[in-house]
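In what follows, a structure is listed as structure tokens, so that the remarks can point back to it.
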């Protein structure tokens, strides 16, 4: 009797789980009709400035630095990007789209009927990688304890891409892509090499919050001073185009031992 009861309960739970799973799938089902209505170029209702273009499953933003993103519509909500940022749709018609941006403001768009607006996207290279691709070198001559030293620093743009999340003027989250740097440091006393190493931003993970480090680049390694404890350099790590950054001290002793210290402000 107990066995039969357990079997019945098991079957009931199994059916319930299947129904719940089916309900979740149905709830998350994409509205193909709504997505079809979004196809085309959309511009601000008041300024008539182009905001984005919807084509297939992709949204292309009007500025050339933002990376195209995947979008979908579920239950009157517009989802954009890999993080599924939600933008509740307030009003949608064949040529009208109102939705709430990240700040809760209603963005009012109308679909463009001017073919020239579509040509704007053809002339732009969307998602282009920012930051300089040129190597920057500095050579500093240092005198200490009657010895002459050369400190060479070379900032080398790498092939490692860094994605930065930000919000555009319409309150939409967009992604910009930058190249990170690998910085080479060499110190010589005459022709004798005291120290030589490549620096990457991961070497400073103890001093920069993880979420910030992921969106940051290693900007520079600048000579500061020399003393009994060795040569001091200031490493700068920060999110591109952001007002703030993190700095750490790189200390290379006179016998070529390197250590990293947190800056004391």
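Numbering (the working numbering), first residue to last: 1413 to 1677.
The beta-carbon is built from N, C-alpha and C at its ideal position, and this holds for glycine as well.
Assess contact between the segment 1587 to 1594 and the segment 1655 to 1672, defined as three or more Cβ pairs (one per stretch) separated by less than 8 Å. Is contact present? no
Name the two residues that bound the continuous beta strand (DSSP E) containing residue 1584. Counting along the chain, residue 1584 falls outside any beta strand (DSSP E), and DSSP gives it neither H nor E.
Would you say residue 1635 and residue 1649 are within 8 Å of each other, going by their C-beta atoms? no
For the segment 1496 to 1503 against the segment 1556 to 1564, are there 3 or more C-beta pairs whose distance is under 8 Å? Result no; under three Cβ-Cβ pairs closer than 8 Å.
With a threshold of 6 Å on Cβ separation, who are the neighbours of residue 1551 within its own chain once the five nearest residues in sequence on each side are excluded? 1564
Does the distance from the CB of residue 1399 to the CB of residue 1576 come in under 8 Å? Any property of residue 1399 remains undetermined from this structure, which presents the chain solely from 1413 to 1677.
Under DSSP, the beta strand (DSSP E) around residue 1467 begins and ends at which residues? 1462 to 1467
Using the C-alpha atoms, what's the distance from residue 1639 back to residue 1646? Straight-line Cα distance between these residues: approximately 15 Å.
Take every Cβ of the segment 1507 to 1527, pair it with every Cβ of the segment 1565 to 1572, and state whether three or more of those distances are shorter than 8 Å. no
Quick check: what's the CA-CA separation for residue 1612 versus residue 1489? 41 Å
In chain order, which alpha helix (DSSP H) runs of at least 4 residues are fully inside the segment 1498 to 1552? Under the rule that a run must span 4 or more residues, the alpha helix (DSSP H) segments found entirely inside the segment 1498 to 1552 read 1527 to 1534.
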